[in-house]
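Trainee: One gets the working numbering by counting positions in the sequence shown from 1 and adding 37 to each.
Cβ coordinates follow ideal geometry from the N, Cα and C atoms, glycine included.
Because the structure is a prediction, the values reported are computed rather than measured.
Sharing a structure here in structure tokens format.
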Amino acid sequence: MSTIDNLPPLRDVISTHGLAAKKSLGQNFLLDLNLTSKIARLAGDLTQADVLEIGPGPGGLTRGLLAEGARRVLAIEKDPRCMPALAEIEAAYPGQLRTINGDALDVDPLEHLSAPIKIAANLPYNVGTELLVRWLTPPEWPPFWQSLTLMFQREVAMRIVAQPGSKAYGRLALLAQWRTDPRIVLELPPEAFSPPPKVNSAVVHLTALPAPRFPADAAMLNKVVAGAFNQRRKMLRSALKSLTPEIEDHLHAVGIKPTERAEQVGLEEFCALARQLKDAGC
Ligand code: SAM
């Protein structure tokens with residue numbers, strides 16, 4: 038019996054089901070159910086929400102989410118070895134947990150969930166950033182989710198909340214900060230996981246804003262930011278030259294010095310530049 042439910046401790050689950058961690062699947066498991074419950078609480082009130090969890094593994098966070106009263110949880114796990122362990126949780130919470138054995142990149146969660154939806158996950162490092170970028174760039178805003186509560190390597194978490202002038206500042210910060218309010222809400226040392234990874238980890242909570250902080254066309258903003266940071270050491274007048282030969286005039290028009298480098302330019306200025314270029318038909 039564990040502290041949060043009537044299911045066995047996670048160490049027992051792992052040995053009963055032979056879940057030796059696989060590096061290729063980014064498996065670093067959380068074994069402390071008090072910690073997984075704490076992460077579930079960081080996702081906010083779950084009692085009125087459906088929750089999407091990616092990569093439940095042996096189910097530590099899944100159990101935390103259910104113990105915190107999630108209305109329903111959809112858990113998508115790639116490793117078929119985890120499914121019998123997850124089936125035991127399903128049986129303990131009848132009708133509240135649905136598990137799918139598959140790749141999170143291929144499953145449409147909206148076939149199984151209804152609004153409001155929160156996403157919570159200890160993400161596998163190999164697809165974590167790709168999933169985050171997908172969730173941050175849906176065809177329409179607001180997105181299908183209210184909030185994301187996600188464990189990343191600390192270095193990725195720092196890139197999400199980074200401010201201009203820092204090395205970590207780049208496309209991920211701008212994508213996240215344009216339409217969400219991202220905060221680091223918990224930092225974890227390697228020993229919190231089994232096996233311990235080589236790096237520290239952090240949980241980031243991102244709340245979807247009802248509308249972007251500053252108006253801009255999403256595709257144009259993405260193009261400008263990608264161009265600017267692909268060659269982050271170059272001055273903007275050269276890094277963005279491929280967008281238009283008149284880039285210097287457009288930079289001047291929105292008050293950005295053409296000799297500035299991308300990492301000095303704030304979100305509001307990037308949005309202004311995206312509007313200027315869109316209006317100019319670039
Ligand atoms: N949530 C568990 C925990 O906190 O202990 C496990 C987290 S572990 C960092 C990442 C999990 O994602 C593993 O169980 C792994 O098998 C799973 N995974 C890896 N790639 C995946 C993918 N493309 N789709 C779904 N699950 C994936």
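Count the other CB atoms within 10 Å of the CB of Asp140; is the residue buried (16 or more) or exposed (fewer)?
Mentor: exposed
Trainee: I'd like the ranges of any alpha helix (DSSP H) spanning at least 4 consecutive residues and lying wholly in the stretch 211-288.
Mentor: Entirely contained in the stretch 211-288, the alpha helix (DSSP H) runs reaching 4 residues are, in chain order, 255-267, 273-276.
Trainee: Which residue marks the beginning of the alpha helix (DSSP H) containing Glu305, and which one marks its end?
Mentor: 304-316
Trainee: Tell me the rounded alpha-carbon separation between Asn65 and Met272.
Mentor: 40 Å
Trainee: Which residue or residues does DSSP assign as beta-bridge partners of Asp42?
Mentor: Asp42 is not bridged to any residue.
Trainee: Only counting the same chain, and skipping five residues up and downstream in sequence, which positions put a Cβ closer than 7 Å to that of Lys315?
Mentor: Asp254, Met257
Trainee: Report the residue from Phe266, Pro252, Leu150 whose alpha carbon sits nearest the alpha carbon of Ala205.
Mentor: For Ala205, the nearest C-alpha among the options comes from Phe266.
Trainee: For Asn159, list the residues DSSP reports as bridge partners.
Mentor: Met188
Trainee: Give me the residue from Pro153, Ile156, Leu142 with the minimum Cα distance to Glu167.
Mentor: Selected option, being the one with the closest Cα: Leu142.
Trainee: Pull up the distance between the alpha-carbon of Ala194 and that of Asp42, whole angstroms please.
Mentor: 30 Å
Trainee: Taking one C-beta from the stretch 172-180 and one from the stretch 68-84 each time, how about it: are there three or more such pairs within less than 8 Å?
Mentor: no
Trainee: Starting from the C-beta of Asn159, find all residues in its chain whose C-beta is less than 7 Å away, skip the five residues before and the five after it, and write them out in chain order.
Mentor: Leu67, Gly92, Leu98, Met188
Trainee: For Ile113, verify whether its CB is less than 7 Å away from any heavy atom of the ligand SAM.
Mentor: yes
Trainee: For Ile156 versus Trp172, is the C-beta spacing smaller than 8 Å?
Mentor: yes
Trainee: Tell me the DSSP bridge mates of Val324?
Mentor: In the structure as shown, the chain begins at 38 and stops at 319. Residue 324 is therefore absent and cannot be evaluated.
Trainee: Taking Leu89 as part of the beta strand (DSSP E), name the residues at either end of that continuous run.
Mentor: Note, Leu89: beta strand (DSSP E), 87-91.
Trainee: Which residues in the same chain as His54 place their Cβ atom closer than 8 Å to its Cβ, once the five residues preceding and following it in sequence are excluded?
Mentor: Pro95, Arg118, Cys119, Pro121, Ala122
Trainee: Please report the straight-line C-alpha distance between Leu280 and Val262, rounded to a whole angstrom.
Mentor: 11 Å
Trainee: Does the beta-carbon distance from Pro249 to Val236 come in below 8 Å?
Mentor: no
Trainee: CB-CB under 6 Å to Thr186, same chain, minus the five flanking residues each way: which ones, in chain order?
Mentor: Leu79, Ala80, Ala157, His242
Trainee: Under the assumption that Ala276 contacts Gln313 (Cβ atoms under 8 Å), give the Cβ distance between them as a whole number of angstroms.
Mentor: Not really, about 16 Å apart at Cβ, beyond 8 Å.
Trainee: I'd like to confirm something about Ile91: is its beta-carbon nearer than 7 Å to some heavy atom of the ligand SAM, or not?
Mentor: yes
Trainee: On the DSSP letters alone, give me the boundaries of the beta strand (DSSP E) that Arg78 sits inside.
Mentor: Note, Arg78: premise wrong, no beta strand (DSSP E); alpha helix (DSSP H) at 70-79.
Trainee: Can you determine whether any heavy atom of the ligand SAM sits closer than 7 Å to the C-beta of Gly94, and answer yes or no?
Mentor: yes
Trainee: Is the beta carbon of Pro219 closer than 8 Å to that of Glu300?
Mentor: no
Trainee: For the ligand SAM, is there any heavy atom lying closer than 7 Å to the beta carbon of Leu134?
Mentor: no
Trainee: Measure how close the beta-carbons of Leu304 and Pro295 come, nearest whole angstrom, since I'm counting them as under 8 Å.
Mentor: Contact between Leu304 and Pro295 is ruled out by a C-beta separation of about 19 Å, above the 8 Å threshold.
Trainee: Taking 6 Å as the limit between beta carbons, can you name the residues of its chain near Gly207, skipping five residues before and five after?
Mentor: Phe266
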